[in-house]
Amino acid sequence: MHQLTLAEIARGLADKKFSSEELTRVLLARITQLDPQLNSFISLTEELALQQAQAADARRAKGETGALLGAPIAHKDLFCTQGIRTSCGSKMLDNFKAPYDATVVAKLAAAGAVTLGKTNMDEFAMGSANESSYYGAVKNPWNLEHVPGGSSGGSAAAVAARLLPAATATDTGGSIRQPAAFTNLTGLKPTYGRVSRWGMIAYASSLDQGGPLARTAEDCAILLQGMAGFDANDSTSIDEPVPDYSASLNGSLQGLRIGVPKEYFSEGLDPRIAELIHNSVKELQKLGAVVKEISLPNMQHAIPAYYVIAPAEASSNLSRFDGVRFGYRCEDPKDLTDLYKRSRGEGFGAEVQRRIMVGAYALSAGYYDAYYLKAQKIRRLVKNDFMAAFNEVDIILGPTTPNPAWKLGAKNSDPVAAYLEDVYTITANLAGLPGLSMPAGFVDGLPVGVQLLAPYFQEGRLLNVAHQYQLNTDWHTRTPTGF
Numbered sequence: 001m002h003q004l005t006l007a008e009i010a011r012g013l014a015d016k017k018f019s020s021e022e023l024t025r026v027l028l029a030r031i032t033q034l035d036p037q038l039n040s041f042i043s044l045t046e047e048l049a050l051q052q053a054q055a056a057d058a059r060r061a062k063g064e065t066g067a068l069l070g071a072p073i074a075h076k077d078l079f080c081t082q083g084i085r086t087s088c089g090s091k092m093l094d095n096f097k098a099p100y101d102a103t104v105v106a107k108l109a110a111a112g113a114v115t116l117g118k119t120n121m122d123e124f125a126m127g128s129a130n131e132s133s134y135y136g137a138v139k140n141p142w143n144l145e146h147v148p149g150g151s152s153g154g155s156a157a158a159v160a161a162r163l164l165p166a167a168t169a170t171d172t173g174g175s176i177r178q179p180a181a182f183t184n185l186t187g188l189k190p191t192y193g194r195v196s197r198w199g200m201i202a203y204a205s206s207l208d209q210g211g212p213l214a215r216t217a218e219d220c221a222i223l224l225q226g227m228a229g230f231d232a233n234d235s236t237s238i239d240e241p242v243p244d245y246s247a248s249l250n251g252s253l254q255g256l257r258i259g260v261p262k263e264y265f266s267e268g269l270d271p272r273i274a275e276l277i278h279n280s281v282k283e284l285q286k287l288g289a290v291v292k293e294i295s296l297p298n299m300q301h302a303i304p305a306y307y308v309i310a311p312a313e314a315s316s317n318l319s320r321f322d323g324v325r326f327g328y329r330c331e332d333p334k335d336l337t338d339l340y341k342r343s344r345g346e347g348f349g350a351e352v353q354r355r356i357m358v359g360a361y362a363l364s365a366g367y368y369d370a371y372y373l374k375a376q377k378i379r380r381l382v383k384n385d386f387m388a389a390f391n392e393v394d395i396i397l398g399p400t401t402p403n404p405a406w407k408l409g410a411k412n413s414d415p416v417a418a419y420l421e422d423v424y425t426i427t428a429n430l431a432g433l434p435g436l437s438m439p440a441g442f443v444d445g446l447p448v449g450v451q452l453l454a455p456y457f458q459e460g461r462l463l464n465v466a467h468q469y470q471l472n473t474d475w476h477t478r479t480p481t482g483f
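According to full-length UniProt numbering, the sequence shown is numbered sequentially starting from 1.
Structure follows, in structure tokens:
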């Protein structure tokens, strides 16, 4: 049962081959047995899962249908879940039980999805390796000595190891797509505003976006269908109709115009990954796509702009965690200043403290214009590059990451080296565009992803291209040894 995709589970439940409760018990047992190797879960919600599974079986018995009805998933541990610890991977929120459900959680629960637990993540979603979590690093099931990517590494590792078929995740600078690439999954970052951020603990509000992680584009379409939609509680939510993503999967790629930016193939890219990306292009050409070289001239400025904007927003968002209102509070503070300093100093890890300090500096008097304002101007230039490119092509294709997953601890002493791994993903967040990573091969036994970018609200096009690619390749079917 653990090898079934979301789509196969939906068909199996509809055909009464098994019940949601049976499937849920199998997966809960599998998580208990195998997750100690991976550390992909922070909390298991067995009681809730069985209640939801039984309720889903009862709904099906009454004739109700739905692709997510009775399907087991997990939530990244920054989506608030009522009455359940929502830690954001931090000591600061280790004791926090959310008093309400995030919109994404509520929508998926209403669709009948079964929540198996909350997955591990980089603290407050800050990281590219899932090593900054208060609960310890997550291991990559393809090689337990390597990182699974971050910040959604727990969701990625759990799905890749077949502990469950799909999971929710979030992407601020590549945190869905990069873990997908590192663990041989399909991961989709929707257009900014497509999925509600209400109840999703914020890192950088103008960049954060929730989305699905699964093994196939077909499964991502199913999960995104349940997550997407306008939410009046979220002022950044876009009131745009949600199409039937599954219905567009089988469209022809004949005449599809694919742009390949020349800036993607610089000396920083592992040549073995470059070869796999070119192989992916050839596969899509066989399906009728037309390929054209394009240019994104301001891509080189994206990383410095991102690492000013994101920390600046983080310093503002995380100011609420002060030891007074909720979260961690230090023992026996001498006075209010001591309470603030020690609660934040003890409650936040090193990477979070680093980004808060960078962000506060960039926003401080005398530096706002020099750093934050300039970064926002670069952001507009990056967006303009994409708008010009999409006048010529339908989608943009390139590598998801410049290198395969690195060894645990390899970049801990050099944070900038880890930041540079986001070079291909952060531009989509700066521009608010949808992006997808799909499996494209292996280097030294470690998975490699190819990234697709599309114009606003064209998630269906990305899923269509990825699905057609996956019908003609088998990279996404490979399973890590031992799982």
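We put the CB at the ideal spot given by N, CA and C, even for glycine. Here the structure is a predicted model, which is why all the values come from computation and not from measurement.
C-beta atoms of SER152 and LYS76 nearer than 9 Å: yes
Status (buried if at least 16 other CB within 10 Å, exposed otherwise) for ASP231: buried
From ASN464, ARG30, ARG478, ALA29, residue whose alpha carbon lies closest to that of LEU256: ASN464
Beta-carbon separation (whole angstroms), PHE41 vs ASN120, contact threshold 8 Å: 6 Å
According to DSSP, residues forming a beta bridge with GLN451: GLY398, SER437
Ordered list of beta strand (DSSP E) runs contained in the region 63–135, each at least 3 residues: 72–76, 114–119
Distance, ALA214 Cα to THR183 Cα: 10 Å
VAL443 (DSSP reduced to helix, strand or coil): strand
Same chain, Cβ closer than 7 Å to LYS189, five either side skipped, listed in chain order: ASP171, ILE176, ARG177, GLN209, GLY211, ALA428, PRO434, GLY435
Residue span of the alpha helix (DSSP H) that contains GLY345, given as start and end: 336–347
ILE237 - DSSP class collapsed to helix/strand/coil: In the sequence under discussion, the amino acid at residue 237 is Ser, which differs from the Ile named in the question. Three-state result, SER237: coil.
VAL159 in three-state terms, based on DSSP: helix
Cβ-based burial, ASP369 [other Cβ within 10 Å; buried from 16]: exposed
C-beta atoms of LYS118 and THR32 nearer than 9 Å: no
Ranges of the alpha helix (DSSP H) found wholly within the region 361–391, counting only runs of at least 4: 374–389
Every unbroken alpha helix (DSSP H) inside the region 163–235 [4 residues or more]: 177–183, 217–227
Per DSSP, the bridge partner or partners of GLU263: Partner(s): none; GLU263 has no beta bridge.
GLN37 versus ASP335 - alpha carbon distance: 43 Å
GLU293, enclosing beta strand (DSSP E) - first and last residue: 290–294
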